[in-house]
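Down below is the structure, laid out as structure tokens.
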Amino acid sequence: MTVPPTPDAHAPELLSCDVLYTGIGGGHAPGGVVVANGVIAAAGDPATLRASYPHARERRAGEIIAPPPVNAHTHLDMSAYEFQAMPYFRWIPGVVIAQREKRGVAGALAGAEELARLGVGAVGDIVWSPEVMDGLQARTDLGGVLYFEVIGPFPGRADEIFRGVRERVEAWRRRERPGGPRVGLSPHTPFNVSHRLMRLVTEYAAGEGLPMQIHVAEHPAELDLFQRGGGPIWENRMPALYPETLAEVIGREPQPDLTPVRYLDELGVLAARPTLVHMVNVTADDIARVARAGCPVVTCPRSNAHLECGTFPWAAFAAAGVEVALGTDSVASGGSLDVREDVAFARHLYPDLDPRLLVRAAVKGGHRVTGTPTPQLRRGESWHAHYVW
């Protein structure tokens, strides 16, 4: 009886996939990586790799090979919430408010542990409370940006709120460590941050080089609000916490062609190049304004679908040259903190979009939003299991 030879454990392997993104360029579809002794020998087109490494054993690694993705927008302090998919205006009272006792430091730290387990490249997290910021800033395994959330619709209180925010931010910045998360700011939305507070926060962030994220145009009702000053958003607000009219918040009257994006642009906010999150319900003029300003955008495909907010017009943003990144939003609306699941969801949601564009957004787009370096799969680098999605 002849015993077949044992395969050489040190022989190179050609790992094939549907989409390869190495961290530079536009990617390959299909793609492949040659690995020998745990080190990347080459990456690129599978046919070229087969010709260059004829003795490499070939096996399919998975659908995607790329550096770990970045979760460019989430709310870690809601990680203990139970996920529920329902229309936006039912979800806020039915989930966000109903489960508010689950929001806080414990959930945020559990979310950070999950991100570490997933091996994410970086995170852009919206921080709801000072206690959560303290807890997350102490971690040594979390890179990216922690955006402190700012809310304040009354213009008369803007200076007071801003002074408090600035004092906290300056204290947190003194605790920043090389390789650790940076501190940023998130004036929450154009309709719950007064025009004066929005200006103060934006000018401070721009002057200090602080990254910013703003939730913009998530739900169709935002257009209704800015165009006529009413609709579901205004009707569902808590009157004791808001002025009587939207005009008092934004410092101008609503008008038929006013949008949240145009409002921010004309207020001077887009000039500071904040990251705009969601951007689902936008006009062609909105996209042009964002492109001219050079603002990046984060889309959260699963969250937008689960809350019935609409579909992010990815092709239009890509055609305008806007940098796009991906985020999960909170566990309560996205379902998990794994942005790979948003990439998979987006591949079905945008069947005509080149999948290399989606993977690049999850990696390089996310790193550009968070200001972190993009890892590269290149010759001589160690091979890691997190590279296979």
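Counting from 442, one number per residue, gives the positions in the sequence shown under our numbering. Just so you know, even glycine gets a beta-carbon here, dropped at the ideal spot from N, CA and C.
Buried or exposed (CB count within 10 angstroms, at least 16 for buried), residue i
i: R498; result: exposed
i: N722; result: buried
i: S493; result: exposed
i: E764; result: buried
i: D726; result: exposed
i: L687; result: buried
i: L587; result: buried
i: M720; result: buried
i: P715; result: buried
i: N745; result: buried
Reduced DSSP secondary structure (H/G/I, E/B, other) of residue i
i: A484; result: strand
i: H789; result: helix
i: M679; result: coil
i: Y588; result: strand
i: A477; result: strand
i: V511; result: coil
i: M653; result: strand
i: E659; result: coil
i: G593; result: strand
i: V536; result: helix
i: R615; result: coil
i: S457; result: strand
i: A766; result: strand
i: T489; result: helix
i: D566; result: strand
Span separating the alpha-carbon of residue i from that of residue j
i: L490; j: N478; result: 17 Å
i: N824; j: A729; result: First, the residue type needs correcting, since residue 824 is Trp and not Asn in the sequence shown. Spanning the two alpha carbons is a distance of roughly 41 Å.
i: V780; j: L583; result: 16 Å
i: A826; j: V480; result: 12 Å
i: R819; j: A483; result: 7 Å
i: Y529; j: D793; result: 27 Å
i: V718; j: P495; result: 46 Å
i: L641; j: V624; result: 17 Å
i: Q834; j: P487; result: An answer regarding residue 834 cannot be provided, because it is not within the stretch 442 to 830 covered by the chain.
i: P697; j: E689; result: 18 Å
i: Q817; j: W613; result: 31 Å
i: H789; j: A658; result: 23 Å
i: E590; j: R733; result: 26 Å
i: P508; j: G562; result: 8 Å
i: E572; j: V475; result: 46 Å
i: P445; j: P510; result: The predicted model places P445 with a pLDDT of 40, which falls under 50 and marks its position as unreliable; any figure quoted below should be read in that light. Taking the straight line joining both Cα atoms gives about 41 Å.
i: S520; j: D575; result: 17 Å
i: P448; j: G821; result: Caution applies to P448, whose pLDDT of 47 falls short of 50 and renders its modelled position unreliable; the model cannot decide the point.
i: H656; j: I506; result: 31 Å
i: G467; j: R618; result: 32 Å
i: R801; j: T815; result: 11 Å
i: I533; j: M527; result: 9 Å
i: F758; j: G735; result: 12 Å
i: L682; j: R616; result: 33 Å
Test item: CB-CB of residue i and residue j under 8 Å
i: T740; j: F753; result: yes
i: L767; j: G806; result: yes
i: G485; j: G472; result: yes
i: P742; j: D706; result: no
i: V810; j: P695; result: no
i: E631; j: Y704; result: In the sequence as displayed, the identity of residue 631 is Pro instead of Glu. For P631 and Y704, yes; Cβs fall inside 8 Å.
i: G692; j: H636; result: yes
i: P701; j: F595; result: no
i: N512; j: L461; result: no
i: M653; j: L708; result: no
i: G585; j: G560; result: no
i: S771; j: H516; result: yes
i: Q525; j: V537; result: no
i: G670; j: V634; result: no
i: S774; j: L748; result: yes
i: Y791; j: W755; result: yes
i: V710; j: T643; result: yes
Interface flag, residue i vs chain E, CB-CB below 8 Å
i: R558; result: The chain inventory of the structure shown lacks chain E, comprising one protein chain alone.
Just checking, does the segment 640 to 649 make contact with the segment 658 to 667 on the three C-beta pairs under 8 Å criterion? no
I want to know whether the segment 497 to 516 touches the segment 452 to 470 - three or more CB-CB distances under 8 Å. yes
Counting Cβ pairs, one atom from each stretch, are 3 or more of them under 8 Å apart for the segment 592 to 605 and the segment 536 to 552? With the rule of 3 Cβ pairs closer than 8 Å, the segment 592 to 605 does not count as touching the segment 536 to 552.
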